[in-house]
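These protein sequences, in sequence, are chains A and B. For the first sequence, the working numbering begins at 7 and goes up steadily by one. For the second sequence, the working numbering begins at 139 and goes up steadily by one. Backbone N, C-alpha and C fix where the C-beta goes; we use that ideal spot for every residue, glycine too. Input: a single structure, listed below in structure tokens.
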Amino acid sequence: MPTVEAPPDWVPVERRWLGMDRRTLLPAGVVALLVAFAFWVLPGVDSRVAVDDPIKAGDVIQVGRWVEFDPAVGWNLESGLRSGTATSGTYPDSATLTKGGITLTVTTGDFDGTATALLAQLRKNNDKLGPNALDLQSGTAATFRTAGEITGVIARFSTTTVEGLLGALVSDGRGIEVTVYGPVDMASDRRLENQIVAMLESVRLVDGEAS
Amino acid sequence: MSTTSTTEPDLLQARDTAIAEVGWGQRVSWLQPRNACLWVFVAVIAYGLWYTVSTVRTEAPIYGTPLGIAAIIFSLYAVLFWWFTTHIDRYSRQPLDLRIAAFVWGGFGATWTIAIHANTALIHLYAKWVGPDFAVAWGAGLAAPFVEESAKGAGVLLLMFIAPRVIRTAFDGFVVGAFVGLGFEIIEDILYAINAASENFGVDPVGSSLSTAVLRLATGFTSHILYSALVGAGIVYLIGTVAEKRRIGRGLVLVAAAVALHLVWDSTTAITQGNGPATIALLVISVVVALAIAVTVFHLTVGTEREAMRDLMSPEVANGTITVEELDALAGSYRQRRAYRRGGHGDRRHRRHRLEAAHDLADELGRSRGVETDRVAYARSELARHSPAAP
Numbered sequence: 007m008p009t010v011e012a013p014p015d016w017v018p019v020e021r022r023w024l025g026m027d028r029r030t031l032l033p034a035g036v037v038a039l040l041v042a043f044a045f046w047v048l049p050g051v052d053s054r055v056a057v058d059d060p061i062k063a064g065d066v067i068q069v070g071r072w073v074e075f076d077p078a079v080g081w082n083l084e085s086g087l088r089s090g091t092a093t094s095g096t097y098p099d100s101a102t103l104t105k106g107g108i109t110l111t112v113t114t115g116d117f118d119g120t121a122t123a124l125l126a127q128l129r130k131n132n133d134k135l136g137p138n139a140l141d142l143q144s145g146t147a148a149t150f151r152t153a154g155e156i157t158g159v160i161a162r163f164s165t166t167t168v169e170g171l172l173g174a175l176v177s178d179g180r181g182i183e184v185t186v187y188g189p190v191d192m193a194s195d196r197r198l199e200n201q202i203v204a205m206l207e208s209v210r211l212v213d214g215e216a217s
Numbered sequence: 139m140s141t142t143s144t145t146e147p148d149l150l151q152a153r154d155t156a157i158a159e160v161g162w163g164q165r166v167s168w169l170q171p172r173n174a175c176l177w178v179f180v181a182v183i184a185y186g187l188w189y190t191v192s193t194v195r196t197e198a199p200i201y202g203t204p205l206g207i208a209a210i211i212f213s214l215y216a217v218l219f220w221w222f223t224t225h226i227d228r229y230s231r232q233p234l235d236l237r238i239a240a241f242v243w244g245g246f247g248a249t250w251t252i253a254i255h256a257n258t259a260l261i262h263l264y265a266k267w268v269g270p271d272f273a274v275a276w277g278a279g280l281a282a283p284f285v286e287e288s289a290k291g292a293g294v295l296l297l298m299f300i301a302p303r304v305i306r307t308a309f310d311g312f313v314v315g316a317f318v319g320l321g322f323e324i325i326e327d328i329l330y331a332i333n334a335a336s337e338n339f340g341v342d343p344v345g346s347s348l349s350t351a352v353l354r355l356a357t358g359f360t361s362h363i364l365y366s367a368l369v370g371a372g373i374v375y376l377i378g379t380v381a382e383k384r385r386i387g388r389g390l391v392l393v394a395a396a397v398a399l400h401l402v403w404d405s406t407t408a409i410t411q412g413n414g415p416a417t418i419a420l421l422v423i424s425v426v427v428a429l430a431i432a433v434t435v436f437h438l439t440v441g442t443e444r445e446a447m448r449d450l451m452s453p454e455v456a457n458g459t460i461t462v463e464e465l466d467a468l469a470g471s472y473r474q475r476r477a478y479r480r481g482g483h484g485d486r487r488h489r490r491h492r493l494e495a496a497h498d499l500a501d502e503l504g505r506s507r508g509v510e511t512d513r514v515a516y517a518r519s520e521l522a523r524h525s526p527a528a529p
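Listed below in structure tokens is the structure:
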């Protein structure tokens, strides 16, 4: 009887399980488990573990190489580093604190211009978001000055579910963006509002960087 | 190697064995509904492509120009490394569709379906469990090497079972891994360039993207392409094939080497504690060590392919189609090929054509599985056309 060569990729019946080639099940299963672990398990664990890093009296947050501020005691440090704790000597360009549903983020970068120009740039960036853009109310920008003698401007914004503040400060070519947002009634909590104002006013350049 | 003391049937038998073992000239079938690996491969890439389209639709209105520039720059970069990786695969070459599949897995499957989710979650967990300073310093170094090398290696593993007649040697794994790494590198570089566009409040998105692009271009050649090549070879050793005996120890060492190189690269500032000169020195040392390891693994794995080339083409020496010197060049190293080309005393172009035509003949013989077909005959006639005696 002449032998007939099996066509490539023909799977003999005795090598099938539920119609699939048994030889391919183990590697496919290993990779499927890897994908499930990366896609669901790790992010799931991450979302269930809350950040528990409350600010203590005397803590200072450093943002990038040049900016620091005094966070309010009891707020939670979601991201960013306390001054003097960067093992690699590098501080992230952004720090985020939360409390009572309110999120405060300070971001820094190079910026040649005034605080008003930086706020205009932030508005421009926001407008590019199209349908996701925030309603940055025009004509409500107010000027303020921090304890570190940095001039800033601040504007309010709101959506149907959140309201907040967008602050822009500039000193010595360093731009600082401060974003605060929370539930629509966040301004009703005077204690939290005072803490936010105090944090804003404490923004300064790191010693030796100020002009 | 002398071929005169071996009989023609022995030589032809050795040729058939070589073709069967290394899968020379075999094609990949993409219609394998019973292959579970193919289903996983397609599903992972499908999600990655959907994620890419969603991301581009979100980012394009904001950073369309830097996105376009980064895509053009890194596409050119991809062409350069595609050519280089194809160039080193000079024996039983990987089919084009397999190389594209490896690239697509690296670029869209490994990145968006696996790595981005796991990296982000792991770095967050390091911050929560160990501390934010630890996560900033070591997070990337203790997440990316494990996640990304697994994600890319998974592609090589699936392709081994999707194309079991093609990926037969550790060198095949080395080449396929390099293409997976190339895809990963290019898409990751474009992502980094886009992320950089928002730096400094997005005032100069193109300038910020270009700065990042230049940095990535300068360092890319020793990162993902190289690491994945090591992982790819390691996986073939771990699994074993008809042509490559299973060597678990060697496979583990190669995978561990890739992870270690990646870990050091991603943790340089943490290791040197931000010391500028020490960081530069460590980066230079990392590049040199990585290249040395890659060259060593290349020589370690390429032997099987060279032996197969010798077995495949030895009958052509016996029948007078090529010379022993040409066989040594074909199955030899870069130095042997260069020595052959320079041996013609001003006839370098002619010798280069002979070598290329002999490669074509090897590919045709592999494709026909040693059977004398019209294409084999034509490939042989092309060699005759370039013979020294030809008019």
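Where Y365/B is concerned, the enclosing alpha helix (DSSP H) starts and stops at H362 to I377. Against chain A, the CB of Q232/B has no partner CB under 8 Å away; the residue lies outside that interface. Contact between L149/B and A467/B is ruled out by a C-beta separation of about 19 Å, above the 8 Å threshold. Residue environment analysis places N200/A among the exposed positions, since fewer than 16 neighbouring C-beta atoms fall within 10 angstroms of its C-beta.
Listed along chain A, the residues sitting closer than 9 Å to D271/B by beta-carbon distance are L87, R88, T91, A92, T93 and S94. No Cβ of chain A is located within less than 8 Å of the beta carbon of H497/B.
The three-state secondary structure of I160/A, taken from DSSP, is strand.
Per DSSP, the beta-bridge partners of M26/A are W23/A. Here the alpha carbons of N131/A and S336/B stand approximately 9 Å from one another. Distances from the CA of L198/A to each of D133/A, G50/A, L103/A and P33/A were compared; the closest alpha carbon is that of L103/A. Scanning the region 410–472 of chain B for uninterrupted alpha helix (DSSP H) segments of 4 residues or longer gives 414–456 and 462–468, listed from N- to C-terminal end. In the displayed model, S213/B falls within a helix according to three-state DSSP. Within chain A, the C-beta atoms nearer than 9 Å to that of A259/B come from A44, V47, L48, P49, G50, V51, D52 and S53, in chain order.
Exclusion of the five residues before and after G245/B leaves G321, F322, I324 and I325 as the residues of its chain whose Cβ lies within less than 7 Å of its Cβ. In the three-state reduction of the DSSP assignment, R196/A falls in the helix class. A259/B places its beta carbon less than 8 Å from that of P49/A.
If you check the CB distance, V69/A and G86/A come in under 8 Å.
The way I'd put it, the region 269–280 of chain B doesn't touch the region 200–213 of chain B; fewer than three beta-carbon pairs between them come closer than 8 Å.
Note on A44/A: 16 or more other CB atoms within 10 angstroms of its CB, so buried under the neighbour-count rule. At a Cβ-Cβ threshold of 8 Å, P14/A and R303/B count as neighbours. Residues of the same chain with a CB within less than 6 Å of the CB of A121/A, apart from the 5 flanking positions on each side, are T157, G158, V159, A174, L175 and V176 in chain order. The distance from the Cβ of L171/A to that of R180/A is about 20 Å, inconsistent with a contact at the 8 Å cut-off. Put simply, the backbone Cα of A396/B is about 45 Å away from that of S519/B. With contacts defined by Cβ atoms closer than 8 Å, N338/B and G115/A form a contacting pair. Annotation: G186/B to I377/B spans about 27 Å, alpha carbon to alpha carbon.
With respect to V433/B, G370/B sits apart: the two C-beta atoms are not nearer than 8 Å. Bridge pairing for Y185/B: absent [DSSP].
With 16 or more other Cβ atoms inside 10 Å of its own Cβ, H255/B counts as buried.
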